[in-house]
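Asker: One structure, pasted below without further comment.
Numbering (this note's numbering), first residue to last: 2 to 407.
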């Protein structure tokens, strides 16, 4: 229960909230006028999903004396989604917010067990682009699935239902196997009849003739099977012995040539991978840093990192992360590095100092990687300043609009 004048929490089922103020929260502002239900909000740090409901409290004379507010229990929505699914322990239905974070995954149990990192897949990307559809793709666990997705514009979230491709196509696969068996059986029967008809007269001579043609094409593994004891059989046996000797001579050379070819292909793939990595690294719109986890010195950076923060490339290459990281001092970075080694990947929001001493809000993703047998912190940051400003402008516009129509 909140004080209608200043938004102070007067009474709460959570004692730690008593005395705090919510005067600028939308549910308090609207809850003073009528029954109000706000949109879903999600805290990726605590993995909490919040939807507030607020209602004015008036005395017998109709005077506003308080605002009653509460938070929806999302376990009820979890039950609704589970009840709506067909029986399948492999089907997965879940909700994703506009920042790609999961806000409800019935297959994961309670909300405190939700993944605390953003999930990515073609289905999620299409849904967050405010599209609805059906498709086959790799889900966030890199498992091939058939997924259906829909953007819920009124709530600002996506709902997706996915099932493994193997399960969806099981019936079709079984039908294909039956047809393959029928075709294969028919083919075997036809071959059997053909062999029986021609075997007595033409088979021995055809085998020898076929062997000569294959050897001429370089196939030294060919052998005449069951050459027989007649004149053609004697020639075929001599032919097989000649191929044995010839193959022994050429095997070593072929193995060496094969190993050389494999090594060339591997080296080319490494060069291609290095070129692709360098292209993606340099052209990424997000800032990317490679950091020494012991000294926090910038080992490598991309063009976007240099342009976003404004430091010259020469100076940037000699800087440490604590030179422009506003949220962490050296001790805080040491603790962060220790935690990162335990979890291998982390996501959080922070502030970075630019060359002109202004600060930008960023979303940061840290990952421990191995480069040339050494461990480094791979940091990717995205400037959220424009997004935050747009959200503030949108909230102000929505508030002014609601005030205008009331």
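We put the beta carbon where it would ideally sit given N, CA and C, even for glycine.
(1) Across which residues does DSSP place residue 333 in a beta bridge pair?
(2) According to DSSP, is residue 64 part of a helix, a strand, or is it coil?
(3) By how many angstroms is the C-alpha of residue 103 removed from the C-alpha of residue 14?
(4) With a CB to CB cut of under 6 Å and the five nearest residues on each side skipped, what residues in its chain are close to residue 54?
(5) Can you tell me which of 66, 132, 162, 34 puts its alpha carbon nearest to the alpha carbon of residue 106?
(6) Taking residue 394 as part of the alpha helix (DSSP H), name the residues at either end of that continuous run.
(7) Are the region 357-367 and the region 263-274 in contact at 8 Å, needing three or more beta carbon pairs?
(8) Spatial neighbours of residue 383 within its chain, please: CB distance less than 7 Å, with the 5 preceding and 5 following residues excluded, ordered by chain position.
(9) Please report how far the alpha carbon of residue 202 lies from the alpha carbon of residue 255, in whole angstroms.
(10) Pick helix, strand or coil for residue 30, following the three-state DSSP scheme.
(11) May I ask which residues mark the beginning and end of the alpha helix (DSSP H) holding residue 125?
(12) Anyone know if the C-beta pair for residue 28 and residue 8 falls short of 8 Å?
(13) Relative to the alpha-carbon of residue 120, which residue among 132, 97, 61 has its alpha-carbon at the smallest distance?
(14) Can you give me the Cβ contacts of residue 272 inside the same chain, cut-off strictly under 7 Å, excluding the 5 residues immediately before and after it?
(15) Could you tell me whether the Cβ atoms of residue 302 and residue 289 are closer together than 8 Å?
(16) State buried or exposed for residue 400, treating a residue as buried only when at least 16 other CB atoms are found within 10 Å of its CB.
(17) If you draw a straight line from the C-alpha of residue 17 to the C-alpha of residue 63, how long is it?
(18) Rounded to whole angstroms, what's the CA-CA distance from residue 249 to residue 243? Just pull it up for me.
(19) Have a look at the DSSP bridge pairing and note the partners of residue 5.
(20) In terms of alpha-carbon separation, which member of 34, 337, 247, 344 lies closest to residue 222?
(21) If distances are taken between C-alpha atoms only, which option among 149, 260, 220 comes closest to residue 94?
(22) Does the distance from the C-beta atom of residue 337 to that of residue 329 stay below 8 Å?
(23) If you run the structure through DSSP and keep just helix, strand and coil, what is residue 73?
(24) For the 8 Å Cβ check, are there 3 or more pairs between the region 150-160 and the region 125-133?
(25) Which residues share a DSSP beta bridge with residue 256?
(26) Assuming residue 304 is part of the alpha helix (DSSP H), what are its boundary residues?
(27) Within 10 angstroms of the Cβ of residue 346, are there 16 or more other Cβ atoms? Answer buried if so, exposed if not.
(28) Which word fits residue 259, buried or exposed, when buried means at least 16 other C-beta atoms lie within 10 angstroms of its C-beta?
(29) Taking the alpha-carbon of residue 371 as reference, which of 3, 4, 342, 394 has the nearest alpha-carbon?
(30) Which residues does DSSP pair with residue 55 in a beta bridge?
(31) My understanding is that residue 291 touches residue 156, with C-beta atoms under 8 Å, so please give their C-beta distance in whole angstroms.
(32) According to the neighbour-count rule (16 or more other Cβ atoms, all chains shown, within 10 Å of its Cβ), is residue 158 buried or exposed?
Answerer: According to the structure shown:
(1) Answer is none; residue 333 lacks a bridge partner.
(2) coil
(3) 27 Å
(4) 38, 71
(5) 162
(6) 386-406
(7) no
(8) 287, 363, 364
(9) Low per-residue confidence applies at residue 202: pLDDT is 48, beneath 50, and the placement is therefore not dependable enough to give any value.
(10) helix
(11) 123-129
(12) no
(13) 97
(14) none
(15) yes
(16) exposed
(17) 31 Å
(18) 10 Å
(19) Paired residues: none, contrary to the question.
(20) 247
(21) 149
(22) yes
(23) coil
(24) yes
(25) Partner(s): none; residue 256 has no beta bridge.
(26) 304-310
(27) exposed
(28) exposed
(29) 342
(30) 37, 70
(31) Wrong, their Cβ atoms sit about 39 Å apart, outside the cutoff.
(32) buried
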